[in-house]
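Below is one structure, written out as structure tokens, with a few remarks after it.
Laid out in structure tokens, this is it:
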């Protein structure tokens, strides 16, 4: 989920969606057909948000970690 492609809809008079380039051409076409303009952000754009994630496996109790590839970050533990 952290690495999934993202988009941002502007709430102003621009009628524009900023969209990462990894979103499919089919989805892009549908957005354009609705009358909205697209601005391509490239594959991973830093300002669409970021996260670091830690979770515990319910079966094993083991901790796992991941980070969003859009910014500097890492999973670490002891």
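Residue numbers (the working numbering): 291 to 368.
Glycine included, each C-beta is placed from N, C-alpha and C at the ideal position.
When you compare only the Cα positions, how much space is there between residue i and residue j?
{"i": "residue 291", "j": "residue 303", "result": "30 Å"}
{"i": "residue 298", "j": "residue 338", "result": "7 Å"}
{"i": "residue 333", "j": "residue 346", "result": "29 Å"}
{"i": "residue 360", "j": "residue 335", "result": "6 Å"}
{"i": "residue 323", "j": "residue 307", "result": "13 Å"}
{"i": "residue 315", "j": "residue 348", "result": "38 Å"}
{"i": "residue 311", "j": "residue 353", "result": "32 Å"}
From which residue to which residue does the beta strand (DSSP E) around residue i run?
{"i": "residue 306", "result": "306-309"}
{"i": "residue 355", "result": "353-357"}
{"i": "residue 297", "result": "297-299"}
Could you tell me which residues DSSP puts in a beta bridge with residue i?
{"i": "residue 322", "result": "DSSP lists no partner for residue 322."}
Inter-stretch contact at 8 Å, needing at least 3 Cβ pairs: the segment 317-332 / the segment 353-366: Too few Cβ pairs lie closer than 8 Å, so no.
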